[in-house]
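A short worksheet on the structure shown next.
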Amino acid sequence: MAVFSQLGSGARFDWGLTGAAELGRVCAALVVVDVLSFTTAVEVAVGRGMRVHPFPWGEQAADYARRVGAVAAVGRRQMTPEHPWSLSPAALRTAPVVTDLVLPSPNGSAISAAASATGIPVVAACLRNARAVGRWLRAEGYGSTDAPVGVVAAGERWPDGSLRPCVEDQLGAAGVLDALSGVPGGLSVEAAVALAALASIPDVPAAIRGCVSGRELVEGGFADDVEVAVQMDVSDVVPVLRQGYFTAG
């Protein structure tokens, strides 16, 4: 139904794979936000000169990497000194630079891979580059009713596979929407409500450290990944997905 596309607004907001598919039908560009940790990892890797190939979570990622001549990232707990590439943003800050990195994840990467089929630009945003992403979109002419942009919070998963909306992705999306708040087409109601969350949180890094996803990583021994992810507006890197991989826009 057309009503679900938030028609008439220059910047729109939705959740997960289904929301991305809906907005991808009608928007001129999509922004994917997966703060813990896919889009943060993409920003780090692209900022170091790597091309990042999104891929759904699963064993096929290694096969795909072999086909395209890339290195396949592994799970955080599968890292070794010989293979330090994973979804960990902290590890990617020091891992050797490779030309092509396949970076699978069950949420942000799967959404990005599916969205690439639309043929429109797909941008990876996180807290580190939210304002830079907003500036880039506006400079490229996105945000009008004729060229709307859709901001998609990836969310997490419950054990049954259903979407779990999460604090960190809503706040990351709000950072992008804040930078888009003056676009000619204005914000949809959904985008305005998502943005309002930002004003209600006086300390965004502390909120993300204390939310369920942040605590899960900290308690699992990956507090460094959270610390990389909560750095706000420290990067001008804008990873844009074209031809199957993210490079700097």
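Numbering of the sequence shown is given in my numbering, commencing with residue 1295 and proceeding in unit increments.
Ideal placement from N, C-alpha and C gives every residue a C-beta, glycine not left out.
Note that the coordinates shown come from a computational prediction; the quantities given were computed from them, not determined experimentally.
Report the start-end ranges of each alpha helix (DSSP H) in the stretch 1400-1429 that is 4 residues or longer and not cut off at the edges. Taking only runs of at least 4 residues, the alpha helix (DSSP H) segments lying wholly in the stretch 1400-1429 are 1402-1409.
Alpha-carbon to alpha-carbon, Pro1496 and Val1470: Approximately 17 Å between the Cα atoms of the pair.
Going along the chain, which residues of its own chain have a beta-carbon closer than 6 Å to the beta-carbon of Val1477, five neighbours each way excluded? In chain order, Gly1304, Ala1305, Gly1437 place their CB closer than 6 Å to the CB of Val1477, counting only its own chain and leaving out the 5 sequence neighbours on each side.
Out of Ala1467, Gly1428, Pro1383, point me to the one whose CA is closest to Ala1488's CA. Residue nearest to Ala1488 within the set Ala1467, Gly1428, Pro1383 is Ala1467 (criterion: CA-CA distance).
So is Val1483 buried or exposed if we call it buried at 16+ other beta carbons inside 10 Å? Val1483 comes out exposed.
Among Tyr1539, Val1534, Ser1299, whose alpha-carbon lies nearest the alpha-carbon of Val1417? In terms of CA proximity to Val1417, Val1534 leads the group Tyr1539, Val1534, Ser1299.
Using the Cα positions of Leu1465 and Val1326, report the straight-line distance between them to the nearest angstrom. Roughly 13 Å between the two C-alpha positions.
Name the DSSP bridge partner or partners of Pro1533? In the DSSP assignment, Pro1533 forms a beta bridge with Ala1542.
Quick check on the burial criterion: 16 or more other C-beta atoms within 10 angstroms. Buried or exposed for Leu1481? Burial state of Leu1481 is buried, judged by a 10 Å Cβ sphere holding 16 or more other Cβ atoms.
Going by DSSP, name the residue or residues bridged to Thr1374. The partner list for Thr1374 (beta bridge, DSSP) reads His1377.
Here's the rule: buried if 16 or more other CB atoms are within 10 angstroms of the residue's CB, otherwise exposed. What is His1377? Looking at its Cβ environment, which holds fewer than 16 other Cβ atoms inside 10 Å, His1377 is exposed.
Looking only at its chain, what residues have a beta carbon closer than 8 Å to the beta carbon of Gly1369, apart from the 5 residues adjacent to it on each side? Only Ser1380, Leu1381 meet the Cβ criterion.
With the cut-off set at 8 Å, would you say Ala1367 and Leu1397 are in Cβ contact? Between Ala1367 and Leu1397, the C-beta spacing is below 8 Å.
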